[in-house]
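Residue 323 in the working numbering sits at position 262 of the sequence shown, with consecutive numbering throughout.
Every residue, glycine too, gets a C-beta built ideally from N, C-alpha and C.
As structure tokens, the structure follows; a few thoughts come after it.
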Amino acid sequence: MTNLTELGVAAIRDGVAAGDFTAVEVAEAFNANVAAASALNAFIVATPEAAVDAAKAVDAKRAAGQPLGKMGGVPIGMKDLFATTGVQTTAASHMLEGFKPQYESTVSQKLWDAGAGMLGKLNLDQFAMGSSNETSFFGNVISPWRRKDGGNAALAPGGSSGGSSAAISARLCPAATGTDTGGSIRQPAAFTGITGIKPTYGRCSRWGVVAFASSLDQAGPMARDTRDCAIMLEAMAGFDPKDSTSLDMPVPEWEAGLNPDMKGKKIGIPREYRMDGMDEDVAKSWDDGIAWMKAAGAEIVDISLPHTKYALPAYYIIAPAEASSNLARYDGVRYGLRDLPEGAGLQDMYAATRAEGFGAEVKRRIMIGTYVLSAGFYDAYYNQAQKIRTLIAQDFAKAFEQCDVILAPTCPTAAFALGEKMSDPLAMYLNDVFAVPASLAGLPAMSVPAGVNREGLPLGLQIIGKAFDEQGVLNAGLAIENAAGFTATPEKWW
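Spelled out as structure tokens, the structure:
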């Protein structure tokens, strides 16, 4: 029999539907891989029974001749930011350790309704705040990749969706949910040689997803390739009356619309992304991508996004401001951790609970956010950042008058070693320099693996599209995927 854990979403779905193997066989194969890969620390909680139960339901439907759903028989990993009924949901924080919701997030429910099963809850940066998966209360996720000749240094899988990226790359699951606030789907996808798409803001419901920055957070799929992302996004997306920012639009048939032919398409290359001292391998990978697009029939257009240089500072004002508001609910009163020192009053309990429950990076961002929202600084920081956000959105609107999609690197470097940037928050924040502008503008953007650097580590290319044009982004991603022919996988050491 085929090694089932080498199959992606489309191959599993089609194989189960054709009777080549059963959904239970698939679930058991992935459960075995999850159990054997504790060294990666990708899962906070494994749920092997849930995966098998969902698989049995799919096999029973097939036996009865009933439709199996878009994700029928596909077991997936669920980022531990999505509420799952009766299964611990922590956002990788001590604050929520042991919290078992009595409700299901809209996105996860849509996936279960489409025939998917849950292999477990995936590790992440605490409250989705981080670019390396080093801020989790449950320990670092370790990338399955190693430098070709750089010893055995443990590498970052990217963040915040580092558990998702590591698990897919290491064949612990064929696909997983991610969330992207400022690059948290795209950057980890690039670091581990997989594909991930952040859809247009509002395309997937945020209901039941632990909030970080509500005007930026967006759920999306992470998988082996573009087709798998298209299939999973179709299952995840759709209007939700429980989310006031949800798009009331029909969900397109993205998989059926996939077409790598770029003839007649214009690809924008933003000159501001070509930065001084850019990593040589990243620059070469970008040049390769431009050549591949030309070969696929596209016209290359030079564009300008003049406010790009202000995107990162604006993001690191807006996102912490929203986080400080969202995380105020964790006070030790209603749910989660409660630290009540003897003889303490209410304010003492708040302070003790938050001091104990939040990690250093979360505290840093809450304090930044509280500062920029405080009297006297609101206009100087928060209002100015919102104006910059508008200008960045206008830059993209002007650029899209000249082109159909934008091509850029996903990250300024390949994966770095764990511990390498933890002492310098600014160096860590710079990882998101290419990802943040699309997030501020609410645009769809995806990362596709484009090759490896001289150390044998994956590099990703990013495609940014117009609002609601996930199809254009997926098609351009498929063109890059076909041209790159990326087949590199990490050598198993775990």
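Query                                                                                                                                                                     : Result
S508 and G257 look like a contact to me (Cβ under 8 Å); what is the Cβ gap, rounded to whole Å?                                                                           : 6 Å
Within the segment 70-136, note down every full alpha helix (DSSP H) run reaching 4 residues or more, in order along the chain.                                           : 70-79, 84-96, 109-124
On the DSSP letters alone, give me the boundaries of the alpha helix (DSSP H) that T360 sits inside.                                                                      : According to the sequence provided, residue 360 is Glu. The question's Thr does not apply to it. Here E360 belongs to no alpha helix (DSSP H); instead the beta strand (DSSP E) covers 360-364.
Would the beta-carbon of L172 fall within 8 Å of that of I229?                                                                                                            : no
Using 8 Å for Cβ pairs, my map puts L185 next to S197. What's the rounded Cβ distance?                                                                                    : 6 Å
Assess contact between the segment 345-360 and the segment 316-325, defined as three or more Cβ pairs (one per stretch) separated by less than 8 Å. Is contact present?   : yes
If we call anything under 8 Å between Cβ atoms a contact, is I364 one with I525?                                                                                          : no
Drop a sphere of 10 angstroms on the beta-carbon of A227, count the other beta-carbons inside from all chains shown, and report buried for 16 or more, exposed for fewer. : buried
Got a sec, what are the start and stop residues for the beta strand (DSSP E) G430 sits in?                                                                                : No beta strand (DSSP E) contains G430, which is instead part of the alpha helix (DSSP H) from 421-433.
Counting beta carbon pairs with one atom in the segment 456-465 and one in the segment 199-216, are three or more of them shorter than 8 Å?                               : no
To test your reading of the DSSP string, which unbroken alpha helix (DSSP H) runs of 4 or more residues are found completely within the segment 269-310?                  : 287-297
Are the Cβ atoms of G521 and A511 separated by less than 8 Å?                                                                                                             : yes
Tell me which same chain residues have a C-beta within less than 8 Å of the C-beta of A476, skipping the five on either side of it?                                       : S204, W206, L216, A217, P218, G219, F252, T253, L518, P519
Less than 8 Å separating the beta-carbons of G176 and M139?                                                                                                               : no
Is E417 buried or exposed, if buried means 16 or more other CB atoms sit within 10 Å of its CB?                                                                           : exposed
When the Cα atoms are used, what is the spatial distance from A298 to F529?                                                                                               : 12 Å
What's the gap between the Cα of M293 and the Cα of E531?                                                                                                                 : 13 Å
For the structure I just gave you, are there three or more beta carbon pairs, one from the segment 141-160 and one from the segment 65-83, closer than 8 Å?               : no
Which residues does DSSP list as the beta-bridge partners of K182?                                                                                                        : V106, M139
Tell me which residue opens and which closes the alpha helix (DSSP H) that G526 is part of.                                                                               : No alpha helix (DSSP H) holds G526; the beta strand (DSSP E) holding it covers 519-526.
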